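Heads up: the sequence lines are chains A and B, in that order. For the first sequence, our numbering gives the first residue as 30, with consecutive numbering after it. For the second sequence, our numbering gives the first residue as 5, with consecutive numbering after it. Just so it is clear, CB atoms sit at the ideal spot from N, CA and C, and this is done for glycine as well. A quick note: this is a predicted structure, and the numbers were derived from the prediction, not measured.
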Amino acid sequence: NAGVTQTPKFRVLKTGQSMTLLCAQDMNHEYMYWYRQDPGMGLRLIHYSVGEGTTAKGEVPDGYNVSRLKKQNFLLGLESAAPSQTSVYFCASKQGTQPQHFGDGTRLSIL
Amino acid sequence: DQQVKQNSPSLSVQEGRISILNCDYTNSMFDYFLWYKKYPAEGPTFLISISSIKDKNEDGRFTVFLNKSAKHLSLHIVPSQPGDSAVYFCAASHSGAGSYQLTFGKGTKLSVIP
Numbered sequence: 030n031a032g033v034t035q036t037p038k039f040r041v042l043k044t045g046q047s048m049t050l051l052c053a054q055d056m057n058h059e060y061m062y063w064y065r066q067d068p069g070m071g072l073r074l075i076h077y078s079v080g081e082g083t084t085a086k087g088e089v090p091d092g093y094n095v096s097r098l099k100k101q102n103f104l105l106g107l108e109s110a111a112p113s114q115t116s117v118y119f120c121a122s123k124q125g126t127q128p129q130h131f132g133d134g135t136r137l138s139i140l
Numbered sequence: 005d006q007q008v009k010q011n012s013p014s015l016s017v018q019e020g021r022i023s024i025l026n027c028d029y030t031n032s033m034f035d036y037f038l039w040y041k042k043y044p045a046e047g048p049t050f051l052i053s054i055s056s057i058k059d060k061n062e063d064g065r066f067t068v069f070l071n072k073s074a075k076h077l078s079l080h081i082v083p084s085q086p087g088d089s090a091v092y093f094c095a096a097s098h099s100g101a102g103s104y105q106l107t108f109g110k111g112t113k114l115s116v117i118p
């Protein structure tokens with residue numbers, strides 16, 4: 030039982046490049062979330078989904094897009110990467126009133 | 005505007021002693037609070053939670069206290085062990101929002117000295 034799996038674990042991009050981060054969960058959870066964590070900061074919510082086919086903006090959505098075409102997957106896209114998007118990205122999922130369960134993160138550097 | 009505040013970036017405690025981590029919040033709509041523990045290069049893992057209808061919740065060595073009037077909660081770890089060394093995040097949510105979004109504090113790095 031893998032839980033929440035994030036792909037890739039590390040990535041270096043050049044400014045202006047695009048990429049997609051994949052989050053996959055095998056727990057049949059309804060809710061999924063994307064966060065970013067910067068040095069000295071807590072986790073900040075980028076986008077979230079309350080079910081397959083739904084997405085909504087979080088606290089810091091600018092520069093990112095998301096899709097939830099399948100219940101088990103939540104994709105985070107950067108259309109034109111900027112150095113300010115250098116961060117560690119965490120995906121989480123949950124079901125009902127249970128706590129959010131996190132993946133191990135994707136470390137993204139944008140040069 | 006930071007709605008969840010952890011004012012101590014770091015804390016050092018001797019093994020076997022009590023660790024007390026504090027958290028304050030400003031949003032009176034928050035009614036569910038959680039503590040997560042994070043080791044380097046790993047994702048946060050859930051530790052303990054408390055609903056606003058309670059003022060205390062205990063799980064083994066971990067106890068969370070909630071003071072609603074002061075908008076303050078604390079996590080007590082007794083006795084502290086070297087394996088408890090990690091960053092601890094306080095998080096809060098508003099159950100009425102329906103999305104179960106969490107608002108996190110900046111974290112407190114706990115070091116337990118053998």
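Taking Cβ positions only, does A/Gln129 come closer than 8 Å to chain D? In summary, chain D is missing from the structure at hand, where the protein chains are A and B.
So, are the CB atoms of B/Ala95 and B/Thr112 less than 8 Å apart? No.
Beta carbon of A/Gly82, beta carbon of A/Asn94: below 8 Å? A/Asn94 sits away from A/Gly82, with the two beta carbons spaced by 8 Å or more.
Taking only beta-carbon positions, decide if B/Gln18 is within less than 8 Å of chain A. Put simply, the CB of B/Gln18 is far from chain A, with every gap to its CB atoms at 8 Å or more.
Which one of A/Lys38, A/Tyr62, A/Ser47 has the shortest CA to CA distance from A/Pro128? The alpha carbon of A/Pro128 has as its nearest neighbour, out of A/Lys38, A/Tyr62, A/Ser47, the alpha carbon of A/Tyr62.
Skipping 5 residues on each side, what residues in its chain have a beta carbon closer than 7 Å to that of B/Ala90? The residues are Lys41, Lys42, Tyr43, Leu114.
With a cut-off of 8 Å, does the C-beta of A/Tyr118 fall near any C-beta of chain B? No, because no Cβ of chain B sits closer than 8 Å to the Cβ of A/Tyr118.
When DSSP labels each residue in this structure, what does A/Gln129 get in the three-state scheme? Coil.
Who are the neighbours of A/Met61 on chain B, taking C-beta pairs under 7 Å? Residues of chain B with a Cβ closer than 7 Å to the Cβ of A/Met61 do not exist, since the nearest Cβ in that chain sits about 11 Å away.
Identify each residue in the segment 44-59 of chain B for which the Cβ-Cβ distance to at least one residue of chain A is less than 8 Å, and report them in chain order. Residues passing the 8 Å Cβ filter: Ala45, Glu46, Gly47, Pro48, Thr49, Phe50, Ser53.
Residue of A/Thr49, A/Gln54, A/Pro37 minimising C-alpha distance to A/Ala31: Proximity to A/Ala31 across A/Thr49, A/Gln54, A/Pro37 peaks at A/Gln54, based on C-alpha coordinates.
Kindly say whether A/Met70, judged by its beta-carbon, lies nearer than 8 Å to any beta-carbon of chain B. True, the Cβ-Cβ gap to chain B drops below 8 Å.
Please state whether the Cβ-Cβ distance between B/Lys37 and B/Leu70 is less than 8 Å. Strictly speaking, residue 37 of chain B in this sequence is Phe, with Lys absent from that position. Remark: C-beta atoms of B/Phe37 and B/Leu70 approach each other more closely than 8 Å.
Mind listing the chain A neighbours of B/Phe2? Cutoff is C-beta to C-beta under 9 Å, in chain order. There is simply no residue 2 of chain B to check, as chain B begins at 5 and stops at 118 in what is shown.
Spatially closest choice to B/Lys110 from A/Asn102, A/Leu51, A/Leu72, by CA coordinates: If we check each option's Cα against that of B/Lys110, A/Leu72 comes out closest.
Helix or strand or just coil, what does DSSP make of A/Gly106? Under the three-state reduction of DSSP output, A/Gly106 falls in the strand class.
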